[in-house]
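Residue numbering for the sequence shown is 6 to 250, as defined by our numbering. Even for Gly, the Cβ is constructed at its ideal location relative to N, Cα and C.
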Amino acid sequence: MRRINGTAVIIAALVATLGALAFPVWSYADRSGTGQANLNASSVATQWGPLSATDRDFLVKVRLAGLWELPAGQQAIQRAPSEAVKAAGDHLVVGHTDLDRRARDVAAKLGVELPNQPNEQQQGWLRELTAASGEDYERKFANLLRAAHGRVFALIAQVRNTTRNSLIRQLATDANQTVLDHITMLEGTGFVDFDAIAREAAGAATASPTGPPAPSGGRVLPLPVPAEPTGDQSFTSRPSTMPMP
């Protein structure tokens, strides 16, 4: 009998120990301050799935993008000297007209309030384009719009990967196709400053780059340093102004 009682005590102790070890794992997602808790706190239930703060931010950014990129495209069609820039402007108008309509429809269903005019920074970019002319205008147009689309591309990928809302997931899919088309057209103008884009990305990076080493015998090329501003201060001499939509 003593052996049986002793065995029972040992088993009970083991069960209690395992329970104590497992409890933090079970309860971790509900602890205040964790990623899961923050996600739950920022999300609201809808018939199409939970709507997170990132989802709502995505909706607002899609709307804001259309509010300044659509008039920028219309202006390019009217003012750009080259057919390539006019064609890029046409793609902006067609793409953002359709995407803006979709975003407003999704926002109405989900009860998300959207802005009705570009923000102050975007209005500044439109004024900058309006003040330019000729090739200077085309360079500003290509680089301002390419930088904006490149930035929102990353947000689209994040939302498409993580959203639990079916309406947001479909909008992210549509936005991805539209933005990639616009990036392709803008790069096709021949005016995009890829060195400026690389410098901007390198400046924003917080981690050391990874990947295989440089090829044997190869020469590591430093990024070009932008020239000192002169009387003609074009967009390419000011990489720090790369925009977000």
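query                                                                                                                                                        : result
Can you look up TRP31 in the DSSP assignment and give me helix, strand or coil?                                                                              : Low confidence applies to TRP31: its pLDDT is 42, below 50, so where it sits in the model is not reliable, and the reading given next is rough at best. Helix.
Report all residues from its chain with a CB closer than 6 Å to the CB of ALA112; omit the five preceding and five following residues, and keep chain order. : LEU64 and LEU119
Who are the near neighbours of ARG61 in its chain, counting only those whose CB is closer than 6 Å to its CB and skipping five residues on each side?        : VAL117
Excluding sequence positions up to five away, which residues of its chain have a Cβ less than 8 Å from the Cβ of VAL98?                                      : LEU75, GLY78, GLN79 and ILE82
Can you tell me whether VAL49 is helix, strand or coil according to DSSP?                                                                                    : strand
Taking the straight line between their C-alpha atoms, what separation do you get for THR268 and HIS154?                                                      : This structure gives no information on residue 268, because the portion of the chain shown stretches from 6 to 250.
Would you mind working out which of GLN122, TRP53 and ASP186 sits nearest LYS114, comparing C-alpha positions?                                               : TRP53
For a quick check, are the C-beta atoms of SER57 and LEU44 less than 9 Å apart?                                                                              : yes
What residues are listed by DSSP as bridge partners for LEU56?                                                                                               : VAL49
Is GLN83 helix, strand or coil by DSSP?                                                                                                                      : helix
Helix, strand or coil for GLU118 per DSSP?                                                                                                                   : coil
Would the stretch 174-191 count as touching the stretch 137-145 if we require 3 or more Cβ pairs under 8 Å?                                                  : no
Just to confirm before moving on: does the CB-CB distance between PHE199 and ALA147 stay below 9 Å?                                                          : no
Put ARG169 into one of helix, strand or coil per three-state DSSP.                                                                                           : coil
Pop quiz: ARG151 and ARG165 are said to be a contact at Cβ under 8 Å. What is the actual Cβ separation, rounded to whole angstroms?                          : At roughly 21 Å, the Cβ-Cβ gap does not stay under 8 Å, so ARG151 and ARG165 are not in contact.
Taking buried to mean at least 16 other C-beta atoms within 10 Å of its own C-beta, is ASN121 buried or exposed?                                             : exposed
May I have the straight-line CA-CA distance separating PRO220 from VAL90, to the nearest angstrom?                                                           : 37 Å
Do you know how far the Cα of SER47 is from the Cα of GLN41?                                                                                                 : 10 Å
In its own chain, which residues sit with a C-beta less than 7 Å from the C-beta of HIS96, not counting the 5 before and 5 after it?                         : ASP186, HIS187 and MET190
Is the Cβ-Cβ distance between VAL67 and VAL157 less than 9 Å?                                                                                                : yes
How many angstroms separate the CA atom of ILE161 from the CA atom of ARG132?                                                                                : 27 Å
Quick one: grab the DSSP three-state call for ASP110.                                                                                                        : helix
What residue from ASP179, ALA180, GLN163 and GLY94 has the CA that sits closest to LEU149's CA?                                                              : GLY94
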